[in-house]
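Shown next, in structure tokens, is the structure this report addresses.
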Amino acid sequence: MILARGTSQVLCSPRLILRFRVVILTVLLFPVALVVPAHMGEALATDVFSARDVAVDVTAGSATNARKAALANGQRKAFRALLERLTLRTNHGDLPFLSDARIAELVSGIEVSDEKTSPVRYLAKITYRFKPDAIRELLSQEGLPFAETRSKPVLVIPVYQLAGTQLLWDDPNPWREAWAGYQHQESLVPFIVPKGDLADIADIGPVQAMAATRKRLDTIARRYGAIDTLVAVAFLTVDPVASRSSLDVSVSRFGLAIHEYTNIFSFTGSHGETIDNLLNHAVAGVAVQVEENWKRDNLMQLDSRQESLIVSIPITGIKYWTDLSKRLDSIAFIRRKEVLSLTRSEVIVGLHFVGSTAQLELALAQSDLNLSQGDTSWILRLEF
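Residue numbering for the sequence shown follows numbering that gives the first Met the number 0, beginning at 0 and increasing consecutively.
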């Protein structure tokens, strides 16, 4: 486990500081270790540190040589894709290039599917799983900040403006279709596009979406299991003389993100390019920027100062505490947790983490954990 270096700052009330320093464990439910490494939950992080279905197709002097070369080629592609997923685009030029042998040391396992061979050719799709701590250490040594917190799904509300009309649930809405067809390839920000059924129509209309009516946005988001919404308004202009189209897009994110924002984009199609192609290109460009914004809000630097926070966790029984504890173990910002006090109705835990309290709160929310400040202490609860 990689521990952050530096001093610690405790964020809590004086009464809880005393409880932090002088602790009597009241173990009434079950035995518990005093200090628990946060990354015992590595299994929950493996999806972020995996590159799935990397396509390989190699021809060589023999099937054996083709397979060997394909595995190495796929490994390089997977490694690069993983590093690009975790880091900002502005830092992609600084990503390290490692030898095949060094990359192999970072791989924890592979899965092969759709395998096809001939005497001289090898084709397959390969999933590469990388060692989380080894990747974290590599990026830290390279001085590259990275984000590994995966956002809960973001619900996209795609409003399409054309010839003075606003389309959301009406068919056809090619802007909604472009979002529905977008392949985000294991992005840190997965998107959900509403079905456009009667429940969606009842929840919100295009005018309410453009006005950012929060109550209605929250209602439809909850129904789809999302906590954030992305209102994406696209305005299409067609120039028949030049035989090209342009698209202006306004994108606003609402919900629990650290920074709610609005971004403006302009996309111009090439001569003769279809409107569908332009819309697909615009969706990809918007999605990349949304993920960049998310990564920027969740950047980690393992050598930054470590903070400490004492939280009170009301519990209803052993299952509640076990579930919540496992979720804490999966939070990348938390380097370790200490159980300070345990009773039938409450657990007091010291969380040692890197980053800001706002980043911690946002990361917890992605695992359905709500952190709030009470009258005398921070309170952590499971959100159902």
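Ideal Cβ positions, reconstructed from N, Cα and C, are used throughout, including at glycine.
Discussion item. So for K294, helix, strand or coil by DSSP?
Written reply: helix
Worksheet entry | Coil, strand or helix - L122 by DSSP | strand
Item to complete: Give the straight-line distance between the Cα atoms of R362 and F48, rounded to the nearest whole angstrom.
Response: Checking the sequence, you will find Ala at residue 362 rather than Arg. Rounded to whole angstroms, A362 to F48 spans 17 Å at the Cα level.
Worksheet item: Based on Cα-Cα distance, which residue from T58, I102, I109 lies nearest to R51?
Response: Among T58, I102, I109, the Cα nearest to that of R51 is on I109.
Fill in: Simplified DSSP assignment, three categories, for L33
Only weak support exists for where L33 lies, its pLDDT of 32 falling under 50; the value from the coordinates is given anyway. DSSP places L33 outside both helix and strand once states are collapsed to three, so it counts as coil.
Discussion item. Less than 6 Å between C-beta atoms, sequence neighbours within five positions excluded: which residues of the same chain meet that for L167?
Written reply: Within the same chain, Cβ atoms closer than 6 Å to the Cβ of L167 are found at V158, P205, the five residues on either side in sequence being excluded.
Worksheet item: Can the beta-carbon of I347 be found closer than 8 Å to that of L359?
Response: no
Worksheet item: For R252 versus L216, is the C-beta distance shorter than 8 Å?
Response: no
Worksheet item: Cα separation between G92 and G142?
Response: 13 Å
Practice prompt. Take the Cβ of Q305 as the centre, count every other Cβ of all protein chains shown within 10 Å, and call the residue buried at 16 or more, exposed below.
Written response: buried
Practice prompt. Tell me whether A77 sits in a helix, a strand or coil according to DSSP, three-state version.
Written response: helix
Practice prompt. Can you tell me which of the three DSSP states H183 falls into?
Written response: coil
Item to complete: Check whether the Cβ atoms of A65 and V53 lie closer than 8 Å to each other.
Response: no
Worksheet entry | Residues near Q165 by beta carbon distance below 6 Å, same chain, minus five either side | V158, P205
Practice prompt. Determine the closest residue to P152 out of L323, G349, V188, with distance taken between C-alpha atoms.
Written response: V188
Worksheet item: Are there 16 or more other CB atoms within 10 angstroms of the CB of A146, so buried, or fewer, so exposed?
Response: buried
Worksheet entry | 6 Å Cβ shell around S112 - same chain, five flanking residues per side excluded | K124
Fill in: Under the three-state DSSP convention, the category N172 falls into
Correct three-state label for N172: coil.
Fill in: Backbone CA spacing between S150 and L105 [nearest angstrom]
25 Å
Worksheet item: For T315, which of D322, E291, E337, S344 has the nearest alpha-carbon?
Response: S344
Worksheet item: Are there 16 or more other CB atoms within 10 angstroms of the CB of V31, so buried, or fewer, so exposed?
Response: Any answer about V31 is weak, because its pLDDT of 36 lies below 50 and its placement is not dependable; what the coordinates show is given next. V31 counts as exposed, since fewer than 16 other C-beta atoms from the protein chains shown sit within 10 angstroms of its C-beta.
Worksheet item: Which term fits I263, buried or exposed, when burial requires 16 or more other beta carbons within 10 angstroms of its beta carbon?
Response: exposed
Worksheet item: Under three-state DSSP, which class holds S117?
Response: coil
Practice prompt. Locate the beta strand (DSSP E) running through Y159, then write down its first and last residues.
Written response: 153-161
Item to complete: Give the secondary structure of T315 by DSSP, where H, G and I count as helix, E and B as strand, and everything else as coil.
Response: For T315, the three-state secondary structure derived from DSSP is coil.
Fill in: Bounding residues of the alpha helix (DSSP H) (the contiguous stretch that carries L216)
For L216, the uninterrupted alpha helix (DSSP H) segment begins and ends at 213-222.
Discussion item. So the candidates are T126, D367, K336, L341; which of them puts its Cα closest to the Cα of F352?
Written reply: K336
Worksheet entry | Integer Cβ distance of A103 from Q74, believed to fall under 8 Å | 7 Å
Worksheet item: Taking DSSP as the reference, what is the three-state secondary structure of A231?
Response: strand
Practice prompt. Spell out the partners DSSP gives L166 in its beta bridges.
Written response: Y159
Worksheet item: With a CB to CB cut of under 7 Å and the five nearest residues on each side skipped, what residues in its chain are close to S269?
Response: R243
Discussion item. Output needed for A59: all residues of its chain with C-beta closer than 6 Å, excluding positions within five of it in sequence on either side, in chain order.
Written reply: A65, A68
Worksheet item: Can the beta-carbon of V285 be found less than 8 Å from the beta-carbon of A231?
Response: yes
Worksheet item: Near T25, which residues of its chain fall below 8 Å by C-beta distance, leaving aside the five closest residues on each side in sequence?
Response: Residue confidence is low: T25 scores 34 on pLDDT, short of 50, so the model does not pin down where it sits. Its coordinate-derived value is still stated next. Counting only Cβ-Cβ distances below 8 Å, and skipping sequence neighbours, we find S340, L341, T342.
Item to complete: Mark V21 as exposed unless 16 or more other C-beta atoms lie within 10 angstroms of its C-beta, in which case mark it buried.
Response: Its pLDDT being 33, under 50, V21 is placed unreliably in this model, and the value from its coordinates should be taken loosely. V21 is exposed by the Cβ-count criterion.
Item to complete: Check the DSSP bridge columns for G108 and list the partner residues they point to.
Response: R128
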